[in-house]
């Protein structure tokens, strides 16, 4: 019985984050000030990133039998880990304001978030189904607690409940899928599964198993029809938690999707159409319903559902001459990076405005440019990027990058659906951006006094996102070529 | 190419200026418009420099080329260059930009906010100039889209009437068109492996299979047709023109419409010759329908700006007819038609803007009659611009249309008789054009003259309009100024199509 | 014993679980039905593990992981239900519809 | 810058300067106005002196369509003679206008447009390049539109201006398409080369000349595009004299003369021209007989006289047509200016208010009588000789030695003779109603000021003497033929033949008889009868062209407003509606969400299984 040698350096990012979680919890208990927990959180992330980059190319948790390791670090995984970590830093900055004025218990909040992040950092590098499912659970469960953490808000509990029930249902279904896959192939490790996929055509059971496995991924990235929970949960939770859900937990979902589709690349004619329909419906449905939204957070929820649809398009277009490969994966990661920056920025501004003025409906953002020009210009820039309209250059470029794949593989209907979806999307992004610059109507909404403490960190988060998005717009290969950097 | 800093400077100067205005405080409201004039004047000087630098002899090849790698993943290089086809359009854009800036000095439309208004105009300028200078497909698409947001804000915030609906129809319709065009571009890039327009025009495009060429051409033409606008994709134009502020409709009609036809001549014709030869007759049919439809629809309009909007549909119909002949005379006529329409319709919209400013309306129902009496010089300009627009020989409008007819007599494509029928229909369009313009002159200019109530054309209006008036006459009398630049480049384009002709 | 018998059991358990999940009004019973679904999965996993009997015995190890996951889920689920009960006074799922689309 | 171009540019510059500086002082405006055409006349005179124009074509050596400004010019007998006439008449009209337009506030723009018109007409006359021809042709149409609409306060002036421009523009479609066909077929834009190349290929010749004929019918107010000329009388009289009598309407005839070898190569077109000319000739003369307005009588008479020129061209004699063109220009300008003087004095142009002015306006009386005599064709006036030359040409054609079939010659001859009678009738009626009989209307009538009657006298001189130049072959005929770019056989003397003289004298006497009987005031009529309103041609237009056009316009705006607009906004609201329906699936119950999700999953599994199986 050989003792399994574990290369701690490879696992460093996850361990550092987990450790950070504990330290944050204890720090808050000792110093009684939530701000310290946020500080610890930021430091943890700062330490974790170099470790993640350093770990590139390593692999560990290998079984003695067939040396199939269940933790393999590839450039793709490093890129995804970096995205998750940087996004968490921004969310922590956003949340520090809520923590400062006791609306959310600081220590528990940071602890739960870092636990979830440790799972999210784990997923990209997993190499077998068991670790994948466990990591997914590690990401999901703390987030439901985060959603419910909102003091004195009955709807938070309802939001957490909805997300929770949807999650356990989809996990159960996916587990059944895994059982079927294991049943038909006798393997759980991705390498063996890939070999089995290359060896033979998918048996009916395997097909059913794989499609059911996609359920948990569809839940995580909130793709229609597994999107029901998303708008309600985002509305119920605090804005930073909604931001976390829309970026980090979705990034985890996309990592899982990339791994699964990568493993079963040989069976792409089987799963590609399913993913394509999923992407098409999500893009169209997300944008169509977003047209009707009045609440800012709900609109951003539906917008992030639609954006998830765009991100899946390259995977959906795997057909004919285009096989699953680095080209497709880079397109997904490219869009994901840009999406993270734009989306977090939009959520950050909404968070700041919600806290300062209590405005929840995007219609009431009328004349924001008059009162706080900086925020208005930033939000306009993020909305333009999400819409894919210059000056939001990166939003447009990543859409072009994503659109290349279906055009190359000849999946015309998908390209057409994306074109139509983009136009519909433009309608509501533009409507909101216009509100910012219109003349404020007569009964100017009283701007409550600025919460002194903690408000500067929220503004810093907006500035960070703005800097990132502008940097991407000027030098798009930062985002589009992220994977090749590691 | 010594001075290849010219073209990037043409883009960077307005961009920086827009940035400065964005950052400048509320005090900037006072000097914003003068700042705008300054920047546009610098732009004009740079353009004159480019015109001087441009070697007429080798007008066929790209000059003042600037190249820098930007996004390797998308094969996008920041490549700018100018040749016989794009130089006149760059010059037209700079000129109209300058005239617009001068006009805005003391006439910032409701609700003021000069800083934002001038900033948006400068952003618009960057987008327009960039589109004409880009030599990379995706770069062309990016600049094509850069124009949309500023124009949307100009219409939605400074426009009149139900401006929000008009602005939304404008931007959604155009974005759908440009995304369809993007899919076409991507198909070309995917199939040929290169996004460089010069390479593609050189012969790379011909290697694409017939079917792929046809698909790409239809997609790209679809997108460009929305921008031209070609019938039946024109519904956004009248609303956009009626609601846009004066300067907005001048630039919209003067330059934005040309991006569509420019795209056809620069990208579709040389890169996808086989497809173009098969599509040309249908393009000619749509063009002629556009001419007749535009003329008849504008006769029925009850608003001055809508009449001019539909007249633009008619004029662009002639330009499309010129392009569809794929012959040297035809395409030269199309390019000349672009410039002439830009100058004349720009002037027309300025004059109508002047009328709207003085009478507060452009609807025939409420417009006072007898403009010739109440504001003689303004009336004369309205008459002059209307006559130029209906294609009076001796003024710029005539050459574009007449030579398009001459081109249609001998098209490069085999369907000669079909084109001669188109020729006759287009000629009928000319008399319809005369009909609706004379109706306008009769309704607005003539009539029981009220005594001199309105103040006549002011000094700054003269300053802003004189270049256009002069250009209309000069281009009318000496059309070769444009032809000597465009002809060599057009011959190159026609050569690349010659291979595909039976 | 032929492989199909345990699979039949697992499918039926899973089916009942899904039925309970969708129909029951009381949240706790919903959680119980999810448990049922997970146990259905366990049965099939163990059955397949016996069938394949491969070196790593991945099926059984995954079954154990599933059990731990179920425990974690239930712990968190009950905590959320507790909060819900304190806020709302009832844990009926179909009453928890404050957050919804205000379709005009 | 060749001499012909200078001749064209002087009036153009005068127009531009007049427009700019005219507002300041009327005297300056008047001076510049006269200086324009006078300068052109001087240059034309200089051109005339170097008579045997050695190399007629001065081209810029750059053919093909994309050339610098088409400045090629043609200088030969035909061009110089017509140019002399045009600038002479224009100068006189400008001088006359100074007096006539004394009360006109917008005199400077009027004078400028008249000079611009002169430049355009001269451009057509000396055009050696098809493009220059088209430029001149259209600018002339524009000036006529502007000048008819000079006092646009009046409703009928506005309507007449638009009608004139549009009807001529309809003709211009044919003209422009014809020019396009010519350029396309022959590949060159130089007039002589193009005409030479076209005349060698019969199909191109027929198509091109047929189309150009359309433009000519519009410009020279021949049936069926003649309806605009009578209404154009709403413009000031000097304008009617210059544009709608002497020059512009003659431009059509001039262009056919310039393109004559091509027309000769298309006998079919010539026959059509002959038929159209005959219809117009007789129809217009008869209508003129019943007009109740002084200027409308002269207008219809012009239509009829123009038909003579077209008929002459149709029967193969270019010289006769040009000869009649020149003489007609003189006496018809004279008649219109005289009519202008009368209207200026009496204040209205209706025949009811005019009568018995013999004693109060002696000079106008004398000159108008000379004009009317020339119109009728009484020996020794210019009209007699030019009309006779047309009859002689018709008689040659009838004898069968022309390109056209003999019956065409006979038709033209007979109709021409009958029209002489009718012309005599309306001329006498006009003379009697204006000068003889009791003084109708009231108020003191005194002679027009010298600046107005001097041009009348100056015009009366050529009306008297011009005829004699045609007698010997060395004068006018050689002049017209003088190294014309396309020689047409030996220049035959335009001397009248005995038999035609006899015929015309008889017709004349009959006409006078009819005219005498209808001189009574009661025979004036109120101009509302079908005949008076131009045989219902206007009504026909309204039904055949205007009404269908307006219906089409209605459909287009309807179609554009509803169908296309509705589809676009429909798509917009449609998407919003689907958004709404999708929204309704989100009623908040999480179990409903999960059930939709799971059903979707089952459907996906089933479909994938089916697709993988196949």
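Chains as they are written, first to last, in this note's numbering: chain X, 1341 to 1826; chain G, 261 to 762; chain D, 3 to 106; chain Z, 20 to 633.
Each residue gets a CB set at the ideal place from its N, CA and C atoms; glycine is no exception.
Model, not experiment: these values are computed from the prediction.
Between residue 311 of chain Z and residue 445 of chain Z, the beta carbon gap of about 12 Å keeps them out of contact (Cβ cut-off 8 Å). Residue 331 of chain G has G/336 as its beta-bridge partners, per DSSP.
Within 7 Å of the CB of residue 398 of chain G, the CB atoms of chain X belong to 1740, in sequence order along the chain.
In terms of Cα proximity to residue 1719 of chain X, the closest of X/1756, X/1775, X/1625 is X/1775. Residue contact check for residue 582 of chain G against chain Z: no CB pair falls below 7 Å. Separation of the CB atoms of residue 622 of chain Z and residue 1569 of chain X is rounded to 20 Å, and the pair is thereby denied contact status at 8 Å. Look at residue 1501 of chain X: its C-beta is under 7 Å from a C-beta on chain D.
Classified as buried, residue 414 of chain Z has 16 or more neighbouring CB atoms from the shown chains inside 10 Å of its CB. Look at the beta carbons and you see the region 470-490 of chain G touching the region 518-533 of chain G: at least three pairs across the two are nearer than 8 Å.
In this structure, the alpha-carbon of residue 308 of chain G lies about 35 Å from that of residue 131 of chain Z. The C-beta of residue 69 of chain D has fewer than 16 other C-beta atoms within 10 Å across all chains shown, which makes the residue exposed. The beta carbon of residue 94 of chain D does not come within 7 Å of any beta carbon belonging to chain X, so the residue lies off that interface. The C-beta distance from residue 104 of chain Z to residue 267 of chain Z rounds to 13 Å, too long to meet the 8 Å contact threshold. Restricted to the region 166-233 of chain Z, the alpha helix (DSSP H) segments that are unbroken, complete and at least 4 residues in length are 174-205, 210-219, listed in chain order.
At a cut-off of 7 Å between C-beta atoms, residue 1572 of chain X counts as an interface residue with respect to chain D. Between residue 78 of chain D and residue 1476 of chain X, the C-beta spacing is not below 7 Å. DSSP places residue 1467 of chain X outside both helix and strand once states are collapsed to three, so it counts as coil. For residue 1464 of chain X, the CB contacts under 6 Å within the same chain, skipping 5 residues up- and downstream, are 1417, 1420, 1421, 1595 in chain order. Spanning the alpha carbons of residue 1695 of chain X and residue 1702 of chain X requires a straight line of approximately 14 Å.
Residues of the region 205-239 of chain Z with a C-beta atom less than 8 Å from some C-beta of chain X do not occur. Distance between residue 1524 of chain X and residue 1566 of chain X, taken at the CA atoms: about 26 Å. For residue 324 of chain G, the enclosing beta strand (DSSP E) covers residues 323-326.
Looking at the DSSP output, residue 146 of chain Z sits in a beta bridge with Z/92.
Between residue 1605 of chain X and residue 1745 of chain X, the C-beta spacing is not below 7 Å. About 6 Å separates the beta carbon of residue 1553 of chain X from that of residue 1600 of chain X, a gap short enough to meet the 8 Å contact definition. Rounded to whole angstroms, the gap between the alpha carbons of residue 718 of chain G and residue 23 of chain Z is 39 Å. Taking a C-beta cut-off of 9 Å against chain D, the contacting residues of the region 1507-1520 of chain X are 1507, 1508, 1509, 1511, 1512, 1513, 1515, 1516, 1518, 1519, 1520, listed in chain order.
Annotated three-state conformation of residue 1631 of chain X is coil, per DSSP. Counting along the chain, the unbroken alpha helix (DSSP H) around residue 1675 of chain X starts and ends at 1666-1697. Membership of residue 1410 of chain X in any alpha helix (DSSP H) is not indicated; the residue belongs instead to the beta strand (DSSP E) covering 1409-1412.
Taking every protein chain shown into account, the CB of residue 1734 of chain X has 16 or more other CB atoms within 10 angstroms, so this residue is buried. Below the 9 Å Cβ cutoff, chain Z contributes 605, 606, 607, 608 as neighbours of residue 102 of chain D, in chain order. A Cβ-Cβ contact shorter than 7 Å links residue 600 of chain G with residue 657 of chain G. Taking 7 Å as the threshold, the shortest C-beta distance from residue 1555 of chain X to chain Z falls below it. Linking residue 54 of chain D to residue 72 of chain D through their CA atoms gives a straight-line distance of about 25 Å. Fewer than three pairs of CB atoms, one per stretch, sit closer than 8 Å, so the region 120-137 of chain Z makes no contact with the region 232-243 of chain Z.
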